[in-house]
Every structure is written in C-alpha cells, then in structure tokens.
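Residue numbers (the working numbering): 11 to 513.
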C-alpha cells in the first residue's frame, strides 16, 4: 500500500533541509549523508509519481535554503529559481529504481542530474550543490580524482549505505540489497581514502609573493552590472601601504569590476592610475574592469598591468551570471518582471582563462566561474601554475553566497592541484592551498590586505587529466544497473517467483 501523502512530503522535505544545512554558512557536512539517507529510504517502494513528488519536495527543501541569497535581487524570481532547480532532484528520484538496484541507481541518477543542473539552463547553476558542503569534510581530497561530481556521488553513495545499514539493523532489509548498498558505502570509504593519496599537483616549483586587496565598504547594494566609484578609491587607498612594504609582493590582485569606464582602459584615468601604481610597486597588478559598450552592453574584463606599467594581458569573463550580468530572452522576460536592475547585458568572453604575466602563468576565474570546475581545468591544462579569483559579492547582504564561494575556492584548488588566491571588494578574500586549506581569509565589509607567499605547481591531478567523463560514465552505469535490476524483479514478480515480490 502506498504511504499517505504526509508520509512522503514530511521526510522528503526534511531530507532536503538536511542537505542544505551541510552547505556554507552552516557547514554541518555530516548531515548531508543523513539527508541523502532519508531521501533514499523514502524513495523505497514508491511509484513513479510519488518518487517525482518526493524528489521535488527534497529539492525545494534543499534549494529554498541553499539558494536563499537570491531574494536579495527579486523574491518572486527566487521562488521560481527554487522551484525550477528542484525539478532536477525530482528527475533523479524518478530515475531511482524503487526496490531492486536502488542504491546504484540513486547514486548515478543524483550525479547525472547534478551534472545537468550545472550545465542547463543558461549555462547552469552549480551554486547550492551538495558538493560545496564537503569542502569542510574529510572527502575533499576525492575532488582530485573526480571534481565536484565525484563529491556529489560520494554524498549520495554514503547516504544509500547509511540507509541500508540502518534497515539491516532493524532487520527490515533483505541481505542482497544490504550487500549491494554495503558495497556502495565501502566504495565511498575507498574513494575517499584514495583521494587523500592521489596526485595533488606535485611539489612546488617556485614561490610567489601575492597580495589580495579588499577595499571594504557596504554590502547589499543593487548596482549589479558595474563597479562603483567608491570601490576604485577604496582599492587605491588599501593598496598604497604595499608600496612601502618589505618585501613587496610580486603580484597584486584586485577584485572584479572595481573600475567602471566607457573608454579604452589604457587611455582612461583609472587605467593610468593603476599603471603608475604597478610601476611604484614594481609588481604586476590584476584588476577587474567594466567597459561599457554602446547603450545596452558591457564587457567584464580582468586586465593585468606589468611592473613597467604596460598592459600585459586581458581576459574577458566567459561564464556570465544569468539575470545578474545579462538577461537571456530579454524581450520575453521583460513582459514578466522589471529588468531595471540589469539594464545592460555582459558580452560573453572566450578562452581558457590562462594569463601569462611577467611573474607566472596564472589561471583567471572571474567570480561565478569558480563554481565551474571546467574553468579551472581549462586554464591549468593550458599551463596555469596558480589560480586567481577576482570576484565581487558585494550585492549580497548576507554571508551565504560569499561563504559558498570560499567552499568553491577550496574544491577548485584541490581539483586542479593549484594554490588559489581570491580578492573581493567587501569579502571574502582568501588564500587557499592546493590541498584545500584556507590559510588567510578576510572579514566581510572590512578593509584588508592579505599578503604572503604562494606556491606555484605544474603537476597534474587525475581530474585535470580526465575531467568529468569517468564519473559520468560510472553514474550512467549505476542508473542502468539499477533499472536492469528493477526490470528483472518485475519479470520475476510477473512469473510468480517468490524473490520477485515487493516487500
């Protein structure tokens, strides 16, 4: 007999809430496994429609909390975002076999649908993914093997194993199913251990003195597409003491879009001031520049000035923030809501993100791009020995998005085996080692200069070599195994075989 509606809704919502509580800023990483276990248990024996409902409610519970930052922009847009993102969890639940083969199908489907969520629609939204919660847990090293998707698979695999173990202790689970889930749980432990021993980018080949400059100021402003004049002045003031510092940094990182201009940067007043600053520092300065193009578009660039004051590199942001930096199908959405907060559309850039500076080849990930493992991988494969993240999270009034971005920093650094430095105008700015350890972190809103040596590496991780493909193949095999087991169970049930009866 199917469970009553509340018997599906309550545990499903609770499962999603537990998954969300594993994310920053809460950071209770162990509860992700409890949430995954609760969802896995609730899907057992449910028909397709009930599984869809259970998964969707779990997604609502997870993303209503994990994406709560979106209300800073538009509350009804945030509601739509949560409801749409929850569909991915619903589809994963629907693809999970209800009885036989449930464990591999559950893990595989959750992983495949997270991959889809990170890619579609409008380029995807990795923010709020359960992998971010594991940045503070013991499985982080597994990112060297399979990036964010492997961390996702380990969460749901651990949940399946935990649920089956609990069922066996209550003597309500058949030995075969418990054995399969036990193998899944054992695989989580083995992969986690292997990740800790996997190649991590190799020994340092050099060190580099780096400073990340955070000008400080208010948070929660609504100017999404351009920097404010105060940001530039604050960055200049915060950087000035570095001129007299000993030793001086070799590389100075400023945040995203702290320079807003309508003319070529080389001839602009802010550009000339940064050029002179680089000469005084005898260092390379990377700064975010917003260049207005016509009346409806802009470029979001990172520009590098060398120690001689000349521009030595320009990178244009590739992964734009939908409804933050541009509005897809603007004509259509203009009929549904006011788009005054995003009056201009960012022009999409291209390229690997590699920027060759006089000090070292660095991989540039602009703000939102740090959530996309492929952006770091492309720059490292092109030769980057250090990752830098100029970002601007000043639009968010709470610490939720900045803290999730720090988690993404840690996963990105481990996945690629590179040290990472992030600069934000109001925080968080960070230094992260190739093993995911945050060695320096600013506070929110404060003026701060994080300065110190970072290590340059040129070795490769397993993830850098092979990317997401191995995890996607294994996830697909998991779903296929689960569905095949379910088909066999139904056939045996149809033939009256005693092993084919539904418990």
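Glycine included, each C-beta is placed from N, C-alpha and C at the ideal position.
Query, Result
"For residue 317, which residues from the same chain have a beta carbon less than 8 Å from its beta carbon, with the 5 sequence-adjacent residues on both sides left out?", "288, 289, 291, 292, 293, 294, 368"
"Does the Cβ of residue 196 have 16 or more other Cβ atoms within 10 Å, making it buried, or fewer, making it exposed?", "exposed"
"Quick check: the region 74 to 87 against the region 403 to 412, are at least 3 beta-carbon pairs closer than 8 Å?", "yes"
"Rounded to the nearest angstrom, what separates residue 33 and residue 79 at their Cα positions?", "13 Å"
"Using a Cβ-Cβ cut-off of 7 Å (strictly less than) and excluding sequence neighbours within five positions of residue 331, which residues of its own chain qualify?", "378"
"Let me make sure I understand the geometry here. Which of 296, 271, 46 has the alpha-carbon closest to that of residue 263?", "296"
"Counting Cβ pairs, one atom from each stretch, are 3 or more of them under 8 Å apart for the region 431 to 441 and the region 387 to 402?", "yes"
"Within its chain, find whatever has a CB closer than 8 Å to the CB of residue 319; leave out the 5 residues flanking it on each side and keep chain order.", "285, 286, 288, 289"
"Taking residue 328 and residue 359 to be in contact with their CB atoms under 8 Å, please state how far apart those CB atoms are, rounded to whole angstroms.", "5 Å"
"Could you have a look at residue 427 and say whether DSSP puts it in helix, strand or coil?", "coil"
"So for residue 510, helix, strand or coil by DSSP?", "Confidence in residue 510 is poor, its pLDDT being 49 and thus under 50, which makes the residue's placement too unreliable to answer from."
"Grouping DSSP H, G and I as helix and E and B as strand, with all else coil, what is residue 311?", "strand"
"If you check the beta carbons only, do residue 4 and residue 163 fall under 9 Å apart?", "Residue coverage of the chain in this structure runs from 11 to 513, which leaves residue 4 outside it and unanswerable."
"In the structure shown, what three-state DSSP assignment does residue 388 receive?", "helix"
"Could you compute how far the alpha carbon of residue 183 sits from the alpha carbon of residue 113?", "Residue placement at residue 183 is flagged as unreliable, the pLDDT there being 46, under the threshold of 50; a coordinate-derived value is accordingly withheld."
"Check whether the Cβ atoms of residue 31 and residue 38 lie closer than 9 Å to each other.", "yes"
"Less than 9 Å between the C-beta atoms of residue 461 and residue 248, yes or no?", "no"
"How big is the Cα-Cα spacing for residue 134 and residue 464?", "31 Å"
"Name the DSSP beta bridge partners of residue 270, please?", "300"
"Considering only C-alpha positions, which residue in the set 124, 271, 41 is nearest to residue 305?", "271"
"Kindly indicate which residue of 427, 136, 493 has the alpha-carbon position closest to the one of residue 205.", "427"
"Below 8 Å on the Cβ atoms is my contact criterion, and I expect residue 445 with residue 210 to pass it. Report the Cβ-Cβ distance as a whole number of Å.", "6 Å"
"Between residue 96 and the rest of its own chain, which residues show a CB-CB distance below 7 Å, the 5 nearest in sequence each way excluded?", "66, 69, 70, 73"
"At the level of alpha carbons, what is the spacing between residue 44 and residue 178?", "16 Å"
"Give the single residue among 266, 282, 356 whose Cα lies nearest to the Cα of residue 303.", "356"
"Which partner residues of residue 448 appear in the DSSP bridge assignment?", "442"
"Taking three-plus beta-carbon pairs below 8 Å as touching, is the region 133 to 147 in contact with the region 491 to 500?", "no"
"Taking 9 Å as the threshold (C-beta atoms), are residue 64 and residue 126 in contact?", "no"
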